[in-house]
Amino acid sequence: MPSVVVKAAAKVNLQLNVGSLGSDGYHQLVNVFQSLSLYDDVSVAPAERLRVVVHNNRASEEAASVPNDSSNLAARAAILLAAHTGRSPAVEIVIHKRIPVAGGMAGGSADAAAALVACDALWKTGLNQGELIELGAELGSDVPFMLMGGTAVGFGRGEILEPLSCDRRFHWVLVRAESGLSTAEVYRQHSRWRAGGSAELPPGPTDGLVRALIRGDPKELGAELKNDLEPTVFRLRPELDRLLHLGKGLGVAGAVVSGTGPTCAFLADSAAHAEETRRLLSKVVGERRVLIAHGPVPGVEMVGTR
Ligand code: C5P
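Put into C-alpha cells, the structure is as follows:
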C-alpha cells in the first residue's frame, strides 16, 4: 500500500505579545505567525504497529533529540486522530527534518500538523480543516497555525486564529543555534523574571504591522517586529542579543528572535539582499547555521503518494 507524503512549513513570529499566565498553565498571547519556505517532509504508511523514523538533513546533530517513540508529536497526532475516528494508529511515520529542532520555528508542531493531514488522507477519514484544527489545538498551541499557514494572528494561547492579508513575498535569513531551547522553560523563566511587571495585552496586531503586510514593505514590517520573550531569551543566551545587533548593523530591514528562540530571524529587502545577508552572517556564525526562506507560504501541503 502506498504512503502519503506531505510537507509542513516552519513559522516565524512577527509580533509576539505575552500576557499573564492563566490557571490552565498557558500565557495569553497576541501572536502573529508567518509560514516560511523551510519544510519538514512527513510520510505515513500502513504498518503493523505505530513506528516513527526520523531522518536529519541540515539539523542533523539535533536529530538525536527528536523522539522516535509515541512521545513524538507526530505520533501523538496519529494516535489522537485514530482515537477520534475509532481506528488503530498502526502507521509508520517517516520524518525528514529540516526545520531546526527546539528552535522557536514550531518544527514539532509542523510534524504534528503534517501527520494529521497525512493520516486523514491515508485513512480517508475526511475531516475538514476546522475539525483538524480543533484536534491540532489538543496537541500544541502552534499546531492550528501550522495547519492553516499563510500569515495569521493567534489569540488565546495562540490557537484562536484570524488570517491576515499578505499577498507579497518577504525574504528571511534565519540563524539557528547549536542547541535548542525548551518552549516550556522559556515561558517559565519569562513568568519568573517578569514577576510584578506589566502583562497587559494589546487588542491585536499593530496598525503598522497590518499595513506593512498589505503593502509588502520590508522596511515597514522590519520596524514592527516585536517579541516580548526576547529579554528572557537573551538572559538564557546572551550571545543572541549580540547576534541581533550585529545583523541590524548589516542593514537588514528588521531582526527578531523567533518565538521562544533560539533561532534569530533577519528580514531582508529582497531575495538578492537575503543572499547577501546570508553570506555576511555565514562569515560570523558559519555557513551551516544560516538558512534562507521566504513567506508567507501555505501550511501543510500534500506532495502525493509513493
Ligand atoms: O502548547 P505547547 O505544548 O507548545 O506549549 C508548551 C509549553 O509552553 C506549555 O506547557 C506552557 O508551559 C508553555 N506555553 C505557555 N503559554 C502559551 C503557549 C505555551 O506558557 N501560550
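The sequence shown begins at 128 in my numbering and counts up by one.
We put the CB at the ideal spot given by N, CA and C, even for glycine.
Shown here, Tyr314 sits in a helix according to DSSP, grouped into three states. Gly381 has its alpha-carbon roughly 7 Å from the corresponding atom of Lys375. Met429 carries a strand assignment under DSSP once its states are collapsed to helix, strand and coil. The continuous beta strand (DSSP E) containing Val218 extends over residues Val218 to Lys224. Nearest neighbour of Leu291 by Cα position, chosen from Gly422, Ala233 and Arg225, turns out to be Gly422.
Ranked by how close their Cα comes to the Cα of Leu262, the residues Gly386, Val412 and Ala210 have Ala210 in first place.
With a cutoff of 8 Å, Gly285 counts as near the ligand C5P, since its C-beta is closer than that to a heavy atom of the ligand. Closest in C-alpha terms to Asn140, from the list Thr390, Val132, Gly307 and Val159, comes Val159.
By the Cβ test, the segment 225 to 244 is in contact with the segment 169 to 179, since at least three Cβ pairs between them sit closer than 8 Å.
For Val412, the enclosing alpha helix (DSSP H) starts and ends at Ala398 to Val412. Residue pairing by DSSP puts Gln161 in a beta bridge opposite Val139 and Thr278. Membership of Gly234 in the alpha helix (DSSP H) is indicated by the continuous run Gly234 to Leu249.
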